[in-house]
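Trainee: Next up is a structure, given as structure tokens.
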Amino acid sequence: MSEANWLTKFPEMERSDLLVIRKGLDGAYKEFSRSYGEIIEGLFDPLLRFLVWFEKLLVTSPWWIIIAVICSIVYSATRSVKLTIGVLIAFVLIGYFGMWENTMRTMSIIFVCTMLSIAIGIPVGILMSRSNRMQSIVTPILDIMQTMPAFVYLIPVVMLLGIGKVPGVIAVVIYAIPPVIRLTNLGIRLVDKEVLEAATAYGANSTQRLLGVQLPLALPTIMAGINQTIMMALAMVVIASMIGVKGLGQPVLKSITNQYFTLGLFNGLAIVALAIVFDRVSQAYGKRTQKHMERAH
Amino acid sequence: MTVPLISIQGLYKVFGTKPKTVMPMVKDGMPKDDILAKTGHTVGLKDINLDINKGQIYVIMGLSGSGKSTLIRHLNRLIEPTEGKIIVDGEDVMELGQKGLEQFRRNRMSMVFQRFGLMPHRTVIENIAYGLTVQGMNKVDRAAKAGEWLEIVGLSGYENQYPSQLSGGQQQRVGLARALCTDADILLMDEAFSALDPLIRSEMQDQLIELQEKLHKTIVFITHDLDEALRLGDRIAILKDGELVQEGAPADILLHPATAYVEAFVKDVNRARALTVETVMKPPAHRITTGTIAEALQQMKTFSKDYGYYCTDDGYQGFLLQTTLEEAAKKDGDKAIEQGLFEDLPHISPDTVLEEIIPESMEANYPLPVVDEDGDLQGNLPRSSLAEVLTN
Ligand SMILES: Nc1ncnc2c1ncn2[C@@H]1O[C@H](COP(=O)(O)OP(=O)(O)OP(=O)(O)O)[C@@H](O)[C@H]1O
Ligand SMILES: [Mg+2]
Numbered sequence: 003m004s005e006a007n008w009l010t011k012f013p014e015m016e017r018s019d020l021l022v023i024r025k026g027l028d029g030a031y032k033e034f035s036r037s038y039g040e041i042i043e044g045l046f047d048p049l050l051r052f053l054v055w056f057e058k059l060l061v062t063s064p065w066w067i068i069i070a071v072i073c074s075i076v077y078s079a080t081r082s083v084k085l086t087i088g089v090l091i092a093f094v095l096i097g098y099f100g101m102w103e104n105t106m107r108t109m110s111i112i113f114v115c116t117m118l119s120i121a122i123g124i125p126v127g128i129l130m131s132r133s134n135r136m137q138s139i140v141t142p143i144l145d146i147m148q149t150m151p152a153f154v155y156l157i158p159v160v161m162l163l164g165i166g167k168v169p170g171v172i173a174v175v176i177y178a179i180p181p182v183i184r185l186t187n188l189g190i191r192l193v194d195k196e197v198l199e200a201a202t203a204y205g206a207n208s209t210q211r212l213l214g215v216q217l218p219l220a221l222p223t224i225m226a227g228i229n230q231t232i233m234m235a236l237a238m239v240v241i242a243s244m245i246g247v248k249g250l251g252q253p254v255l256k257s258i259t260n261q262y263f264t265l266g267l268f269n270g271l272a273i274v275a276l277a278i279v280f281d282r283v284s285q286a287y288g289k290r291t292q293k294h295m296e297r298a299h
Numbered sequence: 149m150t151v152p153l154i155s156i157q158g159l160y161k162v163f164g165t166k167p168k169t170v171m172p173m174v175k176d177g178m179p180k181d182d183i184l185a186k187t188g189h190t191v192g193l194k195d196i197n198l199d200i201n202k203g204q205i206y207v208i209m210g211l212s213g214s215g216k217s218t219l220i221r222h223l224n225r226l227i228e229p230t231e232g233k234i235i236v237d238g239e240d241v242m243e244l245g246q247k248g249l250e251q252f253r254r255n256r257m258s259m260v261f262q263r264f265g266l267m268p269h270r271t272v273i274e275n276i277a278y279g280l281t282v283q284g285m286n287k288v289d290r291a292a293k294a295g296e297w298l299e300i301v302g303l304s305g306y307e308n309q310y311p312s313q314l315s316g317g318q319q320q321r322v323g324l325a326r327a328l329c330t331d332a333d334i335l336l337m338d339e340a341f342s343a344l345d346p347l348i349r350s351e352m353q354d355q356l357i358e359l360q361e362k363l364h365k366t367i368v369f370i371t372h373d374l375d376e377a378l379r380l381g382d383r384i385a386i387l388k389d390g391e392l393v394q395e396g397a398p399a400d401i402l403l404h405p406a407t408a409y410v411e412a413f414v415k416d417v418n419r420a421r422a423l424t425v426e427t428v429m430k431p432p433a434h435r436i437t438t439g440t441i442a443e444a445l446q447q448m449k450t451f452s453k454d455y456g457y458y459c460t461d462d463g464y465q466g467f468l469l470q471t472t473l474e475e476a477a478k479k480d481g482d483k484a485i486e487q488g489l490f491e492d493l494p495h496i497s498p499d500t501v502l503e504e505i506i507p508e509s510m511e512a513n514y515p516l517p518v519v520d521e522d523g524d525l526q527g528n529l530p531r532s533s534l535a536e537v538l539t540n
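Chains A and B are the protein sequences, given in the same order. Take any residue in the first sequence, count from 1 to its spot, add 2: that is its number in my numbering. Take any residue in the second sequence, count from 1 to its spot, add 148: that is its number in my numbering.
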């Protein structure tokens, strides 16, 4: 190549060098997954077993028991008859249109993913709120997790763990966890300084401050984060179905490849219905627990 | 001299990233603003030394930004000092480890905050019991004790309300009850009444005074309101830009302001309402202690006045005039002094505020005798001293 070329053409790296990098990284990762894949898979074994058991429980239980359980949870959480009836109608329609089983599968995976996200996200959020340094390390990681196309991190997960439920759960959690972490951190940082100071002044130690003041006062914000996490997990259902997660995502995927518009629409609507149910219920619950925080007059 | 309960010694606080490096400049006496401009550090407190005695209400005063909150937060180490010592009951608070500090905060000091600092997610009774919860007391005992304080501050019936359902005054009563509930002997109050409107505020002051008469706590009270300081304080310290400019009894500060800053502070105070007789009276003089009329006349001559205050072992008896005595001596100089010879001159008590005795003092032609509860003569109040204090 001549020297002046860089003016018209970007001075790229030699193709052969690029190839070396790619081959090197791919090879190293393949090597890693070959030697550690099984051990790591073993670590996730309890999770897999729980997933299978829970899915089976939802799918095999009689539909009316499931609906009764869901409606009673909704009612006890929100104390709203209207919302409970709405949920009842949504599930009856889903079942009537033949999507019961897939909906149960999706619900089971969403439930597990949400629980995992909360279990990991809240502690991470707490750590982040404790030091600015931690915050400045975690924030860019969260940015990457949220903006990196899901397909990109599906590749290493699948390479490592193959196709199935566990990689699906991991992919969903990676995508859905940032809001819980961010909002836990934010919620704790926004706690009234004077209230926290009062706790300290009365001799509260850091655990007492966390459990007695910071978390309860941050709860509305954390709830908003959990709500967003559930929504994002639902949005991942279709993508997760590409790596073998059964549920409402699979028919949608099938209808894309086969151009079945109605099938896609119905299953899409079922996902929307689930989203609305989860959203309204978690918000109504959050509001109900925070009633006393509003000024009464 | 009594040993002070709290002693602050050479306390410095510099806010910023590297406070230690700025300390030499602070000690060289560079002004606060220059240090801020040059190094980006704020001098919060500069060489504070003061002693607080047990059972006092100690008021710390100063304008906004003068370092009052910073100072009071050092006492329970909500803020760590850059340099200096804080001794409470012989124990250096700075030496305490984390656990020791927590115990110290639980048992020795409690705090009342300007914006109340109540926990919005806990009910009134749970808020009052907060200190006990932290200490790990069981629920039943906690509720019983908090219930007592709830009643004392006059909030019975509100136990299950949330703070947001209460008015500001009520919320601060909760704050006060929470502070008293732990039985800590030191009470820190950071502008505790500043957020309340005047009427409620004066009610709260009354309540605090009333409680203090029973409880004899040591109270460190912060305010930027001189009237409040004079009303509550046994002693007053005045801060300016992080430095202690004057410290003393309220009357001292009113009557002898140390600097122009303090003078500006005290200028608008209604002295007649702020000062008591005690602070302006003259020491007892012109006392007549002898038994007979002739001896009394003799004694009166020694202090060259035409009047005297007759006192016996039982205390102050009455006011005598030379002319009356001379009249009586003409009849019988060896007669003992008796009721009928006394002039009709009112006596006043040392803790009355000046405002209340102005009429009596103005009507009287002689300095009014000041007589305490036990009936002893403590001094006298000439009209001229009163006028002098009230006019400048
Ligand atoms: N955390 C902090 N970081 C930096 N500077 C601070 C900090 N806290 C207080 N300061 C500074 O210290 C000085 C004293 O503040 P402080 O809050 O003690 O004043 P104050 O007398 O309580 O005022 P106010 O009447 O407004 O409450 C101020 O100049 C303030 O800017
Ligand atoms: Mg302040």
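Just so it is clear, CB atoms sit at the ideal spot from N, CA and C, and this is done for glycine as well.
What residue does the beta strand (DSSP E) around M259 (chain B) start on, and which one ends it?
Mentor: 257-260
Trainee: According to DSSP, simplified to helix, strand and coil, what is K11 (chain A)?
Mentor: coil
Trainee: Going along chain A, which residues have a C-beta under 8 angstroms from Y206 (chain B)?
Mentor: None at all; the shortest Cβ gap to chain A is about 18 angstroms.
Trainee: Between which residues of its own chain and V282 (chain B) is the CB-CB distance below 7 angstroms, once the five residues before and five after are set aside?
Mentor: R254
Trainee: Could I get the ranges of all uninterrupted alpha helix (DSSP H) runs contained in the stretch 415-492 of chain B, with 4 residues as the minimum, in chain order?
Mentor: 419-422, 425-428, 441-450, 470-480
Trainee: Could you list which residues in chain B have their beta carbon closer than 7 angstroms to that of N2 (chain A), in chain order?
Mentor: Residue 2 (chain A) is absent from the model: chain A starts at 3 and stops at 299.
Trainee: Sorry if obvious, but does the Cβ on S533 (chain B) come closer than 7 angstroms to a heavy atom of ligand 2?
Mentor: no
Trainee: Are the stretch 417-437 of chain B and the stretch 452-464 of chain B in contact at 8 angstroms, needing three or more beta carbon pairs?
Mentor: yes
Trainee: So, for A298 (chain A): in the same chain, excluding its five sequence neighbours on each side, which residues have a beta-carbon less than 8 angstroms away from its beta-carbon?
Mentor: Per-residue confidence for A298 (chain A) stands at a pLDDT of 45, beneath the threshold of 50, marking its modelled position as unreliable; no derived number is given.
Trainee: Quick check: the stretch 174-190 of chain A against the stretch 110-122 of chain A, are at least 3 beta-carbon pairs closer than 8 angstroms?
Mentor: yes
Trainee: Return the Cβ separation of L255 (chain A) and M244 (chain A) in integer angstroms, given the expectation that the two are a contact with Cβ distance under 8 angstroms.
Mentor: 6 angstroms
Trainee: Per DSSP, what kind of secondary structure is P197 (chain B) in: helix, strand or coil?
Mentor: At residue 197 (chain B) the sequence reads Asn, which differs from the Pro that was named. Three-state DSSP puts N197 (chain B) in a strand.
Trainee: What is the DSSP secondary structure of M173 (chain B), counted as helix, strand or coil?
Mentor: helix
Trainee: Let me check understanding here. Comparing Cα to Cα, which of B:S509, B:D240, B:A185, B:G523 lies closest to L529 (chain B)?
Mentor: B:S509
Trainee: Closest to L326 (chain B) by C-alpha separation, out of B:G466, B:E299, B:S212, B:P346, would be which residue?
Mentor: For clarity, residue 326 (chain B) is Arg in the given sequence; the question names Leu instead. The residue with the shortest Cα to Cα distance from R326 (chain B) is B:E299.
Trainee: What are the residues of the stretch 208-220 of chain A that lie near chain B, defined by any Cβ-Cβ distance shorter than 7 angstroms?
Mentor: Q210, V215, P218, L219
Trainee: Whole angstroms are fine: how far does the CA of I183 (chain B) sit from the CA of E231 (chain B)?
Mentor: 17 angstroms
Trainee: Using a cut-off of 7 angstroms between C-beta atoms, extract the partners of Y278 (chain B) located in chain A.
Mentor: Y204, listed in chain order.
Trainee: Using CA coordinates, which residue listed in B:K175, B:G213, B:H222 is at the minimum distance from S155 (chain B)?
Mentor: B:H222
Trainee: Please list, in chain order, the residues of the stretch 181-202 of chain A that have any C-beta partner in chain B closer than 7 angstroms.
Mentor: E196, V197, E199, A200, T202
Trainee: Need the endpoints of the alpha helix (DSSP H) that F163 (chain B) sits in, please.
Mentor: Not the alpha helix (DSSP H): F163 (chain B) falls in the beta strand (DSSP E), residues 154-163.
Trainee: At the level of alpha carbons, what is the spacing between E171 (chain A) and G227 (chain A)?
Mentor: Glu is not the amino acid found at residue 171 (chain A); the sequence shown has Val there. Rounded to the nearest angstrom, the two C-alpha atoms are 19 angstroms apart.
Trainee: Would you mind giving the Cβ-Cβ distance between I75 (chain A) and F93 (chain A), rounded to the nearest angstrom? I have them listed as a contact below 8 angstroms.
Mentor: Actually they do not touch by this definition, with Cβ atoms about 12 angstroms apart.
Trainee: Would the beta-carbon of T271 (chain B) be found less than 7 angstroms away from any heavy atom of ligand 1?
Mentor: no
Trainee: Quick check: is any heavy atom of ligand 2 less than 7 angstroms from the C-beta of E339 (chain B)?
Mentor: yes
Trainee: Relative to the alpha-carbon of L265 (chain A), which residue among A:A277, A:L276, A:L250 has its alpha-carbon at the smallest distance?
Mentor: If we check each option's Cα against that of L265 (chain A), A:L250 comes out closest.
Trainee: Using C-beta distances below 6 angstroms, list every residue in its chain close to I235 (chain B), excluding the 5 sequence neighbours before and after it, in chain order.
Mentor: S155
Trainee: From the DSSP output, in three-state form, read off T500 (chain B) for me.
Mentor: coil
Trainee: The beta strand (DSSP E) spanning M209 (chain B) covers which residue range?
Mentor: 205-209
Trainee: When you compare only the Cα positions, how much space is there between L359 (chain B) and S217 (chain B)?
Mentor: 24 angstroms
Trainee: Beta-carbon within less than 7 angstroms of A332 (chain B)'s beta-carbon, same chain only, minus the 5 sequence neighbours each way: which residues are those?
Mentor: N255, R256, M257, S258
Trainee: Should F261 (chain B) be flagged as near chain A, meaning a C-beta pair shorter than 8 angstroms?
Mentor: yes
Trainee: Counting only beta-carbon separations shorter than 8 angstroms, does R290 (chain B) have a partner in chain A?
Mentor: no
Trainee: Using only alpha-carbon positions, find the residue among B:I334, B:A340, B:L473, B:G323 that is nearest to K365 (chain B).
Mentor: B:I334
Trainee: Tell me which residue opens and which closes the beta strand (DSSP E) that A385 (chain B) is part of.
Mentor: 383-388
Trainee: Going by the C-beta, is K216 (chain B) closer than 7 angstroms to any heavy atom of ligand 2?
Mentor: At least one heavy atom of ligand 2 sits closer than 7 angstroms to the Cβ of K216 (chain B).
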